[in-house]
Structure formats: structure tokens, C-alpha cells
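Accompanying notes for the structure given below.
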Amino acid sequence: MAAAETMFLSFFYLLRSRGLDVTPDEWMVLLEGLSRGLHQSSLTGFYRLCRAVVVKSEADFDRFDQAFLEFFRDIPWNGELPKELLDWLDRPSENLGRTLEELKRAGFSEEKAEELLRLLEERLKEQTEEHNGGSYWVGTQGRSPFGNSGWHPGGIRIGGQGRHRTAMMVAGERRFRDFRKDNTLDTRQFQTAFRLLRQLSAQADESEEVLDVDGTIRDTCDNGGLLKIRKTHPRKNAVKVLLLMDSGGSMEYYAGLCSRLFQAAQKSNHFKELHTYYFHNCVYSELYTGPALRWKEAVPTDWVLSNFDGNYKVLVVGDAAMSPYELREKRYDWERRTYGPSGLEWLERMKKQYPYLVWLNPEPMPERPDYWGQTHWQLGHMFPMYDLTAEGLERAMKRLKGRK
Amino acid sequence: MKEIFSGTDQYVASGELMAAVNIAVTLEKPLLIKGEPGTGKTMLAQAVAQALRKELIIWNVKSTTKAQDGLYVYDVVQRLYDSQFGSHGVDDIASYIKLGKLGEAFSAEEQVVLLIDEIDKADLEFPNDLLWELDQMEFYIPETRETVRARKRPIVIITSNAEKELPDAFLRRCIFHYIDFPDQEQMERILHVHFDHLEEELLRQAMAAFYWLRELRGIDKKPSTSELVDWLRALTAGGVDPARVRKEIPFAGVLLKKDKDLRTLRGSR
């Protein structure tokens, strides 16, 4: 097995390669925690320490668990930390230097590593001194209020079984699978994602002004008590949303998901306006106000395009799966007895009119364009297309917020 | 395992949670606690303060709270008012500076536990505005040219209901723990802390009904620990026969707070 410090470092890189955004700073905090004995010389303790320091969202717990399992699976252990790790921890300051060498060689900037090293050495010195005094918050032998078993009366009781549950078991349970962000999600998660769309929209219409009471008082005071009015721009959400949803056919599978998205959008009452229209497979000359796509609910697409200008943020929800001819062929307009624009032309008109348009697709992008997937493929390259998951929606919202 | 629940001085924490508290306290980092409503996030701070025998300072964050409110407020209106009547001390700006909760925690003689409750309620930029203060544990009051610096670095516990995403820069500075919803075994321990005496059969039936309800499809607001405690109180007070609990779910209104959820429950039976 590799020496402990390279082992540590490869764990760091494994976490990063598994999509956990661990920074060197956080890693140094982890090392500091280890040097203070917070892992309590057990793998379970190490697992807890590592997760608490490195992972910052329950959505990433599962990723962490998997990476942890992957890394420590082949290491023989019996509830204790591997010997190499323990050895490493026995001489923290000396080994720390070596680890930092490794970090440097691995491409972290010289300066950063130096600074961290200095900080850490300081801490270590401090710790050695204090440890002799024995007055630390946390000890591994239960000297302190926060021992790992037993608790003084009236305090916090520890659920005793934790000790016997090993880290591998905890990690192996994958209890946090449901929190993964790339799972499809519930209304609340949708709502949270929609809230993102508020962030940059705070600067409302610049011409509107309201009295800034605090500013007026402050200015008046500065002015020796003579009234001085100050005004400010109100912070309002100016986001106007146009939601276009595919309904029926292959979308039936996703009816539940789409209705949750719809509910979330409805509940996110911070939008200035929200308009919802439905279509089947592709946008043609008519959109519908209800998901049943009845004739009396039909609205000409032209009318929608001329009434909702380019300031609207457009969310198209659909699987983009249809026969190629449904996308490309001219549509015969029975009322006017002529051929109207094809679906593709309608979509191109929308793309032209709406700089802020994203496509949310409940179906992941196909690996290669097969017959049913080719329209998905084509539209995926024409529009910014995201998966209809928490992560996808979040990215889509960020895209909508940004300026072109 | 029976203990009397008086106020919040009893608190059942999982080993993982304890480890997280340990880590945060030792490394002097803020502890960020997330979890479903009703899993005891706020109570944790009280329990920690009590266990360590420290004073607890609570900063309740609301949607209108600004970072500045936690530091200090300069009461210009009072000063202006006083100046009209020529009261004493108008020249002394310091007497119009009122420290906020963070300021209070910094200026305390002894180390305190500072709870920043529901940080996600505030504006999205709120956590970022506190980065420096929480890192350095100090802030500057330009009006009095004074720097308030923590004498003893407070233990900071922050709770969030995940209503808003917290900024990365802020997260990187925190120790994070997610309080998972307690499993049946842990729940039993928690209940024993809350209740002196519970009829075994009633407890068993109530727990079964409770976890069944939580898993029920279409429930918007899942009942949490505090609702279960209230429900058990109601069941005990009402002298409900344990055999009826699972079948009828009496006092369902205690568990479910939304009309829609109650309808879902009725529909599923």
C-alpha cells in the first residue's frame, strides 16, 4: 500500500474526481482535525470527521459515501484506522510537512501551500502546548465533556449504538441516496430551484423610486437636523416567466413530475408574471391553456409571441421525442387551407425572440441519435437543454439569470 | 431510560451529531445544521450550551434581517430626538450604539454559544455579509472608531431549513451536519425523554401509525417529532384505547396541519 501521505492525497483526489468540490483549505482543516485527534483513532471517527468537514450538503452525502467505500474497500481494517494512517497521525507536524510537499508537487500554488503550512504549524505548536495542559474540549479518553461514550448528567446523551457501527457500514447503507441532487425531485426542491431565479432580478425598473426612510433619517442627522430626503429603488422581482409544457403521448410517463414542476412554479409567487401554455410534441400554430389540449382552449402561437416579448424567461418542458417529420414537415393548416410553418420553424422563431429560453427534459439525452432520439438530439443542440432534476433545474435557472 | 422532561434540558443526539459538535467546537468553526423541520435543530444549541455550562445567545433570523442588525444598530432617531431637547449625552455617540446579537456574543466576558437560527430565511447575500465577522470574530464601528473583538471565540451554531441555497464561500467555512429523521429505535429513546411513563402498547401502535403516515404518498407536510409528541400527549389525555390508534388515527389534526393532507389520509383508509 502506498505511504500514508500519498494515500491521503489520493483520497483527496478521489473525492474531487467523484464530483465533490473539496478545496485545499478544507483539506487542511481535515488534517488539523486529525492532528487534534478528532477521528478518535477509528475509521468511523475518520468517516464522520471527513464528512463534516468536506461535505457541505446532504445532497452530496451519497457521493461521499460511495467515494469512501471505493477508497477504503480494499484496505484491511477492523474498526481501527489503517496502520499507515495511524503512523501518520502519530507524528503530525513532521508528516504534515511531507504532505504539504506532496500538495505542492500536485500543483497547488506554492504560496498557498506555504501559507497553509505556516498556519498549520502554528496551530500544531499551540496544540502541543495545550495538550500538555490537558484542557482541550475534546479528548479521546473521555476527559472532556464531549467524550465518545458516557455523558455527564443533565447533558447530551449519546445514542450508544454509534460506537459499534463501523464507518463502512454507515457508508455502505447509503442512507442519503434520496438526497442526491441528480435524482428527480419533489415540489419543495423545485421551489428552491425556482427561488434561484429571484436572485439577480432584485434590481427592478430603474425609473421607480420610493422613500428610503433609514437613509433620510441618516442624511437628516448628518445635515444637522434639517430634513434631507433620500430615495431608493425598490427591490422587486421583475422576472416574468412563460412556461410551455409538452402534454400527452410520451409525456404521460412524466405527468406526475411535470405537475410537481407546475405546482412549484405556481407556488413560487415571487414571479411578477407566470403564464403557462401546453403543446403536444412540438410547438405549432396553436398553444393551449389547458393540458387536455381542447380546441376551445387554443391560443394562436402568433398571439403568444406578439404579447410576450423577449423579456420573458421561457421554460420549455418536454421530452423532445417525436417522429422527425413532426418536427420538420410543413403543417397543413385546415382553417386557412394552406401549409403553415413546420414545428422547427416555430421553435426557431421562439429561439430568436427569447434570449432567455431553456428546455427542461425529463428524459436524459440519448448517447447517440437513434430514430426516436434524433429530435431530442437535434433540439438538444439547438436549445440549452437540461435534465428535469434538481441539479438540472438549478443549472437552467442560473442560465436564465445570466445575461446573453 | 426514563427521564423527566423539564424544558429542553434533555436531548437525544446521535453519535454522528455529537461527533459533528465536537469537530466544530475543537476546530473553532461554525457548525451548520440542516434537517427536516422538527428534528431538533434549534434545541441542539440549547443542549450544547447547557452541557458546556455556557450562556446561550440566540439570533433569530427573519426575512427582513440584515447582517448589520447582528453587529450593532446606531439609534440616530433617538439621538436626533434627544438633541432637540438638549438632553445630556447627545455628544456621546457610543451611548446610541446598541450591540446586536453577534456583538453581544463577541463582547461577552465568558465564552458563549451563539445560535444563528434559520439563516436561510434572510436575504441570499446575508451569509456572505457575515463572512469576515465569523472568520475574524471582530467588527469595526466607524461611528465610534471602535473595534469589537471577541474575547473568547464563541461557539457558533447555525441552522438552516434549506429554503435557500447558502453561498459556497460561506459553506466552506462551516462544519456541516444533516440531522436525519430519527429511525424508530432512536425515536423511542427521544419519546422516553419526553414522557415519564408511556404505555408500551400505545407507544408501539402510535409509532407504527406515525411512520406509516410519513410514508403515505401525497402527504405534503410530513409530521415530525414534535407533532408525534403532541399527538401522544393527546392520545394519553384522551384515554384512547391503543387498539384504536392504528385503525382510526384519532386526533389526526395534531399530526397533519394541512386540509389537503387530512383529506389524503381519509382517502387512503
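Chains B and L supply the protein sequences, listed in that same order. Heads up: the first sequence begins at 807 in our numbering, then just goes up one per residue. Heads up: the second sequence begins at 202 in our numbering, then just goes up one per residue. The beta carbon of each residue, even a glycine, is placed where N, CA and C say it ideally should be.
Go ahead and pull the three-state DSSP assignment for residue i.
i	result
residue 874/B	helix
residue 437/L	helix
residue 1067/B	helix
residue 376/L	strand
residue 226/L	helix
residue 1160/B	coil
residue 341/L	strand
residue 965/B	With a pLDDT of only 31 at residue 965/B, under 50, the local geometry of the prediction cannot be trusted, and the value read off the model is given with reservation. Residue state, collapsed to three classes: coil.
residue 353/L	coil
residue 864/B	helix
residue 953/B	Since pLDDT at residue 953/B reaches only 31, below the 50 mark, its modelled position is unreliable, and no value is offered.
residue 1106/B	strand
residue 307/L	helix
residue 1095/B	coil
residue 458/L	coil
Where DSSP assigns a beta bridge to residue i, which residues make up the other side?
i	result
residue 1191/B	1165/B
residue 1085/B	1052/B
residue 1001/B	Beta-bridge pairing links residue 1001/B to no other residue.
residue 261/L	318/L
residue 1119/B	1047/B
residue 361/L	235/L
residue 273/L	300/L
residue 1060/B	DSSP lists no partner for residue 1060/B.
residue 1037/B	1017/B
residue 347/L	342/L
residue 416/L	According to DSSP, residue 416/L bridges with nothing at all.
residue 313/L	256/L
residue 1079/B	1046/B
Just how far apart, CA to CA, sit residue i and residue j?
i	j	result
residue 435/L	residue 463/L	17 angstroms
residue 243/L	residue 842/B	28 angstroms
residue 1164/B	residue 1187/B	12 angstroms
residue 341/L	residue 272/L	9 angstroms
residue 304/L	residue 334/L	10 angstroms
residue 915/B	residue 830/B	With a pLDDT of 49 at residue 915/B, under the threshold of 50, the modelled position of that residue is not reliable, and no figure is offered here.
residue 819/B	residue 873/B	10 angstroms
residue 1118/B	residue 1190/B	16 angstroms
residue 279/L	residue 1166/B	54 angstroms
residue 988/B	residue 369/L	Confidence at residue 988/B is low in this model, with a pLDDT of 48, below 50, so its placement is unreliable and the value that follows should be read with caution. Each residue's Cα considered, the two are about 19 angstroms apart.
residue 1087/B	residue 876/B	42 angstroms
residue 1146/B	residue 1067/B	32 angstroms
residue 412/L	residue 337/L	45 angstroms
residue 1080/B	residue 1095/B	13 angstroms
residue 860/B	residue 816/B	15 angstroms
residue 240/L	residue 1153/B	48 angstroms
residue 446/L	residue 252/L	37 angstroms
residue 350/L	residue 250/L	21 angstroms
Would the beta-carbon of residue i fall within 9 angstroms of that of residue j?
i	j	result
residue 1185/B	residue 1121/B	no
residue 372/L	residue 321/L	no
residue 378/L	residue 234/L	yes
residue 1159/B	residue 1111/B	yes
residue 277/L	residue 1036/B	no
residue 284/L	residue 1031/B	yes
residue 451/L	residue 402/L	no
residue 1196/B	residue 1169/B	no
residue 785/B	residue 826/B	Residue 785/B cannot be examined here, being either before or after the span of chain B that is shown, 807 to 1210.
residue 428/L	residue 458/L	yes
residue 315/L	residue 323/L	no
residue 407/L	residue 858/B	no
residue 269/L	residue 318/L	no
residue 385/L	residue 213/L	no
residue 1000/B	residue 878/B	no
residue 348/L	residue 420/L	no
On the premise that residue j lies in contact with residue i, defined as a C-beta separation below 8 angstroms, what is that separation, rounded to the nearest angstrom?
i	j	result
residue 281/L	residue 1027/B	5 angstroms
residue 294/L	residue 344/L	5 angstroms
residue 380/L	residue 246/L	Residue 380/L to residue 246/L, Cβ: 12 angstroms. No contact.
residue 1049/B	residue 1071/B	6 angstroms
residue 254/L	residue 310/L	Actually they do not touch by this definition, with Cβ atoms about 14 angstroms apart.
residue 1107/B	residue 1089/B	6 angstroms
residue 257/L	residue 376/L	Not confirmed; about 19 angstroms, so no contact.
residue 156/L	residue 844/B	Outside the displayed range of chain L (202 to 470) lies residue 156/L, so it cannot be described from this structure.
residue 425/L	residue 237/L	6 angstroms
residue 838/B	residue 228/L	6 angstroms
Let me see if you follow: with CB-CB separation under 9 angstroms, is residue i close to chain C or not?
i	result
residue 1038/B	In summary, chain C is missing from the structure at hand, where the protein chains are B and L.
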